[in-house]
Structure formats: structure tokens, C-alpha cells
Amino acid sequence: MWKAIYGGRHAVDVDRVEDSVDMMMKARNKEDYDRGLRYMYYILDGFDDTGDLPEPTHPVLDYFVRNWHSCKEMWAVYEWGRVAHLGNHTNNRLESA
């Protein structure tokens, strides 16, 4: 499915896309998160303007915006600032024995 829809692993620089997601995940504030998102737009859509972000045209970027950017409060560290987590960022699931 990945090859059929998104052009395969080598269609984009996967390491750079993963770096942009890592930047967004570990962002300490909204500005850092936006910097990671703009980096992903630059990698996938070639968008490097400072204005408002356009609608994504690359399928991977469109998928990310629809399914992950819309719920960033669940996975972006800067959104967790209102919750006392004491540095624990795990999901606390028990491993099966």
C-alpha cells in the first residue's frame, strides 16, 4: 500500500521527514512545533514562505495534517504542559508476561 499510494520509501527523504516529526513531538512551545511543521511542508511540498500554510498537496503531508496534526495534544510534548507528568512520557501500558 505504501508504494501504491505514497510513491515508496525512496520517493521522499524519509529520514528528514522523521526528523521533522521528532521536532514537533519534542517541541517545548508552539513556535518550535510550527518550525517542525514548516520543515515538513518544505521537505514534502517545497513550501518555504513565512505566511499561512497552504493546503497540503503531497499525500504523506495530507495524511499527517488530517490524522496527526489535528490531535497534537495527545502526542506533542508542549501540549502536555498542563498535566503533571514529572518527566514520565510513557503510555504506562503493562507488558504481557
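Under our numbering, the first residue of the sequence shown carries the number -17, and numbering increases by one thereafter.
Yeah, the Cβ is synthetic: ideal placement off N, Cα and C, and Gly gets one too.
Can you give me the Cβ contacts of residue i inside the same chain, cut-off strictly under 6 Å, excluding the 5 residues immediately before and after it?
| i | result |
| --- | --- |
| E3 | For the record, residue 3 in the displayed sequence is Val; it is not Glu. Counting only Cβ-Cβ distances below 6 Å, and skipping sequence neighbours, we find nothing. |
Here's the rule I'm using: 16 or more other beta-carbon atoms within 10 Å means buried, otherwise exposed. How should residue i be labelled?
| i | result |
| --- | --- |
| M56 | exposed |
| V42 | buried |
| P38 | buried |
Beta carbon of residue i, beta carbon of residue j: below 8 Å?
| i | j | result |
| --- | --- | --- |
| A58 | M5 | no |
| Y60 | R10 | yes |
| V(-1) | I25 | yes |
Using only CA atoms, which one of the options lies nearest to residue i?
| i | options | result |
| --- | --- | --- |
| D34 | A9, R17 and N49 | R17 |
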